[in-house]
Structure formats: C-alpha cells, structure tokens
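To start, the structure itself, in structure tokens.
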Amino acid sequence: MLDDLYGVTSDLGNEGIFFCLSGPMSQELLVEIGGAIKNKMLMDEASKSTMSQVFSIIVEMVQNIIFYSDEKLEYEQLGETSSCNVGLIAVGEEKDSYFVMSGNMIKNEKVNRLKNRIEKLVAMSKDELKKFYKEQRRAGPDEYSKGAGLGYIEMARKTSRPLGFEFREIDENMSFFSIITYV
Amino acid sequence: MKDIHVKETKYTPEIIYTAADNTMSIKGKSYPENADEFYAPVFEWLEKFFKEDNELHLTVNIELVYFNSSSSKALLNFLDMLEDAGDNDMKIVVNWIYDEEDDNMLEYGEEFKEDIDSIEFLLVPIESA
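These protein sequence lines map, in sequence, to chains A and B.
Be aware that the first sequence starts at 1, since it is given in our numbering, and climbs by one per residue.
Be aware that the second sequence starts at 1001, since it is given in our numbering, and climbs by one per residue.
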C-alpha cells in the first residue's frame, strides 16, 4: 500500500479532486470539512454564492452518509456501543466549475427506491424542482427519511449539470452508491 | 414573558428574545443533524408566548448565513406559527436579513415569502462583511 499512496493521490489530482475523505463521518467532522473547503475557495476567489452552494451540497451529502450509509463502524465508549457511518466525500474542480461527490454502501433492497427517486428528480426542470421542493417541505418527510426528505431535491436544484449517479453491486447484500453534483 | 438566549454553536444559530422591544432574532448558521430536535424548545417557548402574552406585536429578525434542508423545514414550521398568530390579530413583522452578495439566501427568502400571506415578510439586504 505504502508504495501506492502516491498513485492514489496523483489519481485524485488528475481528476481535479483537491479534497477527499473516506471513512467514518460525523457532524463535528462536517464542520471541519466545511472550514477546509471554505479556505481553499477563498484562495480561488470564488463568489459568496458559489461558496455557499458548494457548502450546502457538502452538508447534504455528509448528513446523508451519517443518516443512511449501511456501512457502520461500531465502537465502545463508556460501556456503551456507539456507531459511526462510513462514506466518502470528495470536492474538485473541472474547467469553470466545482464538483462534489459522495459515495457509500447501501443495502441492495434499498437500491430501487433510491434510484427511482433520483431518476425522477433528474427528469425535472428547475421550475418543477422548485415546486416539488415546496410541496415536500410542506408535506413533511416520507417514512424512509430521517431528515426533512429534501436533501436530494436541494442537490438537484443547485447542480448546474444533471446529477450523476451510479449503483454498483458489491455482493449479494450491498451496493456502492455514488452521486455527483456540479456548481 | 422572560427573555431567552440560546447561544450560537458551530452549527446552530443564536436565538434571542428581548421582551423590552418585543424582538426575536435568529442569527448564524443552522445545520444540525436533527433540526426538529434543536428547534423543539424554541417552538414550545413560542407557543407559550402566543398563549400567555398579550403583546400586540412581535418583530422577528432572521439573519442566517446558511441552513440545511432539515432546518428549512423547521423554518417553514416556525413561519407557520407566526402566521397563525398573525391571523389572531398580532402584528408580526419578519425581517429576512441576507448578505447582498449571496443570491442563495435572497432566493430562499423569496421562496418563504411566496408561502406566506398574513404577516409582513421583508427582504433586507445588508452589506457584505
């Protein structure tokens, strides 16, 4: 592995990725990630709007991992078992835009539902997305959501190109879900 | 009603109510994992305020630099509560205060405004820090 680490980092660099973190995610970590990306974008002299859009997508993606990733790290703390959800978040640049990607394991039985949900959003125009966002915000989350059920709609509204996503089946139980948005 | 002061954290806003001028303010960032949980005590307080206080007016300053989607839902619930009080003849003014350079926050403000009928909702740009 050690002799390959340069390979990993140069692969990321070649893809335009300037930040990448893979492992257990937490709210505290999210705050730090936000700070690191902000500093980098300040150096780029990115506009306030761009910075807040990128930050917004990072927040929705990392909180999705915290809520929904099916890969968990369990640990003992003061005699109690706690768990942390594992996933990956990456931020990069491509020509004139930034992109934010995330990935995490999900159980195969959940794939179809999530896939249908995102496909529906990808097919919508910006106006339809706005209407749908407001409806959902008014209606409240469905039974599968732990937040407000608005995260993917928010991403679909913010992205300047259609959301990209992929499900890769890993074994009979799990798939790897990845998603990308552009600002 | 007594004053309240919820201190700002890295991902939750400062919330203040001062009885002296009947002003409530929500200021900072709002992206807790669970926004319902964070806002529940504030909503409880507000319910009590509307029930017990005979104030005729309330000014609410919302000055958020960022909020996540679950906070957006909580803010809508908050505005709904204000609307109900507005329907009951309380004069309520909401100032949506945003950085003039941040189009996102302006857009969010406009969208809340569209969903509100019975209270005054003002979009207030401030100079970028």
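Note that beta-carbon positions come from the ideal geometry of N, C-alpha and C, so glycine has one too.
Keep in mind it's a predicted model, so treat the numbers as computed, not measured.
* Leaving out five residues before and five after B/GLU1141 in sequence, what residues of the same chain have Cβ atoms less than 6 Å from its Cβ? -> With chain B running from 1001 to 1129 in the structure shown, residue 1141 of chain B is simply not present.
* Distance between A/LYS38 and B/TYR1066 (C-alpha atoms, nearest Å) -> Taking the first residue of the second sequence as position 1, residue 1066 of chain B is located at position 66. Taking the first residue of the first sequence as position 1, residue 38 of chain A is located at position 38. If I take the Cα positions, the gap works out to 13 Å.
* **Terminal residues of the alpha helix (DSSP H) in which A/GLU28 lies** => Within the first sequence, numbered from 1, the residue matching residue 28 of chain A stands at position 28. Boundaries of the alpha helix (DSSP H) harbouring A/GLU28: 27-43, taken from the DSSP string.
* To do: Could you give the DSSP three-state label for B/LEU1123: helix, strand or coil?
  => Here residue 1123 of chain B refers to the residue found at position 123 of the second sequence. The answer is strand: DSSP assigns B/LEU1123 an E or B state.
* To do: Reducing DSSP to helix, strand and coil, say where A/ALA90 ends up.
  => By one-based count along the first sequence, residue 90 of chain A stands at place 90. Residue state, collapsed to three classes: strand.
* Using 10 angstroms around the beta-carbon of B/LYS1073, count the other beta-carbons present and answer buried if the total reaches 16, otherwise exposed. => Against the second sequence, residue 1073 of chain B aligns to sequence position 73. Buried, since its Cβ has 16 or more Cβ neighbours within 10 Å.
* **CB contact below 9 Å: B/GLU1127 versus chain A** => If you number the second sequence from 1, residue 1127 of chain B lands on position 127. With 9 Å as the cut-off, B/GLU1127 does not count as an interface residue toward chain A.
* Return yes when the Cβ of A/PHE165 is within less than 9 Å of the Cβ of A/ILE89, no when it is not. => Residue 89 of chain A sits at position 89 when you count from the first residue of the first sequence. Residue 165 of chain A sits at position 165 when you count from the first residue of the first sequence. Contact flag unset, no.
* Can you say whether A/GLN77 is buried or exposed, counting buried as having 16 or more other CB atoms within 10 angstroms of its CB? => One-based indexing of the first sequence puts residue 77 of chain A at position 77. Using a 10 angstroms sphere on the CB of A/GLN77, the tally of other CB atoms stays under 16, which defines it as exposed.
* Quick one: what does DSSP say B/SER1090 is sitting in, helix, strand or coil? -> Mapped onto the second sequence, residue 1090 of chain B falls at position 90. First, the residue type needs correcting, since residue 1090 of chain B is Met and not Ser in the sequence shown. It is coil, neither helix nor strand.
* Which of helix, strand or coil DSSP assigns to A/GLY13 -> Counted from its first residue, the first sequence places residue 13 of chain A at position 13. Three-state result, A/GLY13: helix.
* Can you tell me the Cα-Cα spacing of B/LYS1029 and A/ASP3, whole angstroms? -> Looking up residue 1029 of chain B in the second sequence gives position 29. Looking up residue 3 of chain A in the first sequence gives position 3. Each residue's alpha carbon lies about 42 Å from the other.
* Asked: Just to confirm, are A/ILE180 and A/MET105 a CB contact at a threshold of 9 Å?
  -> The residue given as residue 180 of chain A occupies position 180 in the first sequence. The residue given as residue 105 of chain A occupies position 105 in the first sequence. No.
* **CB-CB length for B/ASP1115 against B/LEU1076, believed under 8 Å** => Residue numbering aside, residue 1115 of chain B sits at position 115 when the second sequence is read from its first letter. Residue numbering aside, residue 1076 of chain B sits at position 76 when the second sequence is read from its first letter. Between B/LEU1076 and B/ASP1115 the Cβ distance is about 7 Å, and since that is below 8 Å, they are a contact.
* Asked: To the nearest angstrom, how far is it from the Cα of A/GLU32 to the Cα of A/ILE58?
  -> One-based indexing of the first sequence puts residue 32 of chain A at position 32. One-based indexing of the first sequence puts residue 58 of chain A at position 58. If you take the alpha carbons of A/GLU32 and A/ILE58, they lie about 11 Å apart.
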